[in-house]
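Number of protein chains: 2
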Amino acid sequence: MARDEATFCPASRAINLLQEKWVLHIVRTLLDGPRGFNDLSRAIGGCNTTTLAQRLEGLESLGIVKKTVHSVMPPKTSYGLTPRGVELDAVIQAIDRWARRHLASSDGDVPVRRGTTSIRAGALRARASQG
Amino acid sequence: MARDEATFCPASRAINLLQEKWVLHIVRTLLDGPRGFNDLSRAIGGCNTTTLAQRLEGLESLGIVKKTVHSVMPPKTSYGLTPRGVELDAVIQAIDRWARRHLASSDGDVPVRRGTTSIRAGALRARASQG
DNA sequence: ATAGAGCACTCAATATAGTCAAGTACTTGA
DNA sequence: TCAAGTACTTGACTATATTGAGTGCTCTAT
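These protein sequences, in sequence, are chains A and B.
Mapping of the first sequence onto our numbering: position 64 corresponds to residue 458, and the numbering continues sequentially without gaps.
Mapping of the second sequence onto our numbering: position 75 corresponds to residue 469, and the numbering continues sequentially without gaps.
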């Protein structure tokens, strides 16, 4: 899209948002219910706390995630989805359906070294060419 | 997800794929029909040719994009979606529906400096707090 | 009382991913 | 011959993500 479309087209802006690393993972995990910071971190796995804190702050500022600090001792935090966030369920489900159809039969031992599965040229080529 | 889930859960792997920068933009653009390299680059906008070439190669290796070299003079290349790629339409449409509901009313002048809209802490906070 | 563990982060350094500007090698048309 | 279009590639640079450690709190066990 041109600069104009990037800024004015809602779909483009949503894509820009969802393509941020870990955002979809966070939403997917939170769809199962609210979680504390470390709990969420473990559930997602692979995403370090620095990045997670950044993403959570960003998502909160967009009204997708709601941070709640419980006034108990010790003070506990929980992150949950707002109604706006819950509606991303449709996106996650569409991804899930696509994945079941097209990724389910692949073998599982993707050579992930760090971070997540990358599609950088060559990384998955040998593997993908099997299917 | 734990290392196991990251590798074995199809949805997680699909998310890892779709969160790669520009992948969703490429798919969305190609949904309208095949395009040549420069044409696609212009249509997406913002994505430089280096990254585009990498993404295209990765997506091709995953059977989502099909590269066709036409034997004309000068030789023209066109990138189109495979059936597997076309099925991502459901994901794009889900994103589009969500975007229309939640992003449409926002003002358009998102402070994009380079690349795409970032949700890094603070970048959109002031803006998002308006809605 | 002190140690160890869990919570929710933050920081600085480093690694990786993405971008920019330019260049390659080709053909077409003026 | 020159400018422009095709489809990329290269190298330098920058933005972003990750690592590993550390902070300050509380709770439980010894």
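Every residue gets a Cβ at the ideal spot worked out from N, C-alpha and C, and that includes glycine.
Under 8 Å between the Cβ atoms of Pro404 of chain A and Leu424 of chain B? One-based indexing of the first sequence puts residue 404 of chain A at position 10. One-based indexing of the second sequence puts residue 424 of chain B at position 30. Inclusion of Pro404 of chain A and Leu424 of chain B in the CB contact set at 8 Å is not warranted, their separation being larger than that value.
Hey, how far is the Cα of Val485 of chain B from the Cα of Gln487 of chain A? Mapped onto the second sequence, residue 485 of chain B falls at position 91. Mapped onto the first sequence, residue 487 of chain A falls at position 93. Looking at the two C-alpha atoms, the distance is approximately 8 Å.
Check each residue of the segment 407-419 of chain B: if its Cβ is closer than 9 Å to any Cβ of chain A, include it; give the result in chain order. Taking 9 Å as the upper bound on Cβ-Cβ separation, chain A lies near residues Arg407, Ala408, Ile409, Asn410, Leu411, Leu412, Gln413, Glu414, Lys415, Trp416, Val417, Leu418, His419 of the segment 407-419 of chain B.
Proximity test, Cβ basis, 8 Å: Asp490 of chain A and chain B: Numbered from 1 along the first sequence, position 96 holds the residue referred to as residue 490 of chain A. Proximity of Asp490 of chain A to chain B, defined by a Cβ-Cβ separation below 8 Å, is satisfied.
Measure the C-alpha to C-alpha separation of Glu481 of chain A and Leu456 of chain A and round it to an integer number of angstroms. Here residue 481 of chain A is taken as the residue at index 87 of the first sequence, counted from 1. Here residue 456 of chain A is taken as the residue at index 62 of the first sequence, counted from 1. When only Cα atoms are considered, Glu481 of chain A and Leu456 of chain A end up about 14 Å apart.
In this structure, what does DSSP give as the bridge partners for Val463 of chain A? The residue labelled residue 463 of chain A in the question sits at position 69 within the first sequence. Bridge partners of Val463 of chain A: A:Thr471.
Between which residues of its own chain and Thr445 of chain B is the CB-CB distance below 8 Å, once the five residues before and five after are set aside? Position 51 of the second sequence holds residue 445 of chain B. Spatial neighbours of Thr445 of chain B in its own chain (CB-CB distance under 8 Å, excluding positions within 5 residues in sequence) are listed in chain order as Lys415, Trp416.
Interfacial residues, the segment 475-487 of chain B to chain A, with Cβ spacing under 7 Å: From the segment 475-487 of chain B, only Arg478, Glu481, Leu482, Ala484, Val485 have a Cβ closer than 7 Å to chain A.
Extent of the continuous alpha helix (DSSP H) run through Asp433 of chain A: Counting from 1 along the first sequence, the entry for residue 433 of chain A is found at position 39. Counted as a single uninterrupted DSSP element, the alpha helix (DSSP H) harbouring Asp433 of chain A occupies residues 431-438.
Put Glu454 of chain B into one of helix, strand or coil per three-state DSSP. Along the second sequence, one-based indexing puts residue 454 of chain B at 60. DSSP places Glu454 of chain B within a helical segment (H, G or I) once states are collapsed to three.
Could you tell me the alpha carbon to alpha carbon distance between Val459 of chain B and Thr471 of chain B, rounded to whole angstroms? The residue you call residue 459 of chain B lines up with position 65 of the second sequence. The residue you call residue 471 of chain B lines up with position 77 of the second sequence. When rounded, the distance between both Cα atoms is 13 Å.
Identify whether Asp426 of chain A lies in helix, strand or coil by the three-state DSSP scheme. The residue given as residue 426 of chain A occupies position 32 in the first sequence. In the three-state reduction of the DSSP assignment, Asp426 of chain A falls in the coil class, being assigned neither a helical nor a strand state.
Comparing C-alpha positions only, which one of B:Ala493, B:Gly430, B:Leu412 sits nearest to Pro468 of chain B? As a working mapping, residue 468 of chain B is identified with position 74 in the second sequence. If we check each option's Cα against that of Pro468 of chain B, B:Gly430 comes out closest.
Pick helix, strand or coil for Gly502 of chain A, following the three-state DSSP scheme. If you number the first sequence from 1, residue 502 of chain A lands on position 108. Confidence is the limiting factor: at Gly502 of chain A the pLDDT is only 37, short of 50, which leaves the residue's position unreliable and the question unanswerable from this model.
Are the CB atoms of Ala437 of chain A and Ala408 of chain B within a distance shorter than 8 Å? Stepping through the second sequence from its first residue, residue 408 of chain B is reached at position 14. Stepping through the first sequence from its first residue, residue 437 of chain A is reached at position 43. In this structure, Ala408 of chain B lies away from Ala437 of chain A, with their beta-carbon atoms at least 8 Å apart.
Any beta-carbon of chain B closer than 8 Å to the one on Gly404 of chain A? Along the first sequence, read from residue 1 onward, the residue named residue 404 of chain A stands at position 10. Contrary to the premise, residue 404 of chain A reads as Pro rather than Gly in this sequence. With 8 Å as the cut-off, Pro404 of chain A counts as an interface residue toward chain B.
Under the rule that 16 or more other beta-carbon atoms within 10 Å means buried, what is Arg449 of chain B, buried or exposed? The sequence position of residue 449 of chain B within the second sequence is 55, counting from 1. Burial of Arg449 of chain B is indicated by the presence of at least 16 other C-beta atoms within 10 angstroms of its C-beta.
Residues that Leu497 of chain A contacts on chain B, provided the C-beta gap is smaller than 7 Å: One-based indexing of the first sequence puts residue 497 of chain A at position 103. Per Cβ cutoff of 7 Å: Pro404, Arg407, Ala408.
In angstroms with no decimal places, state the Cα-to-Cα distance between Gly452 of chain B and Ser406 of chain B. Locating residue 452 of chain B in the second sequence gives position 58, counting from the first residue. Locating residue 406 of chain B in the second sequence gives position 12, counting from the first residue. Looking at the backbone, the Cα of Gly452 of chain B and that of Ser406 of chain B are separated by about 17 Å.
Neighbour list for Arg494 of chain A in chain B, Cβ cutoff strictly below 7 Å: Position 100 of the first sequence, counted from the start, is the residue given in the question as residue 494 of chain A. The contacting residues are Pro404.
Roughly how many angstroms lie between the CA atoms of Arg422 of chain A and Leu434 of chain A, to the nearest whole one? Stepping through the first sequence from its first residue, residue 422 of chain A is reached at position 28. Stepping through the first sequence from its first residue, residue 434 of chain A is reached at position 40. When rounded, the separation of the alpha-carbon atoms in Arg422 of chain A and Leu434 of chain A is 11 Å.
For Gln413 of chain A, which residues of its own chain have a beta-carbon under 8 Å away from its beta-carbon, when the five flanking residues on both sides are left out? In the first sequence, residue 413 of chain A corresponds to position 19, counting from 1. So the list is empty, once near-sequence residues are dropped.
If you draw a straight line from the C-alpha of Pro428 of chain A to the C-alpha of Pro477 of chain A, how long is it? Residue mapping note: residue 428 of chain A aligns to position 34 of the first sequence, counting from 1. Residue mapping note: residue 477 of chain A aligns to position 83 of the first sequence, counting from 1. Their backbone Cα atoms lie some 13 Å apart in a straight line.
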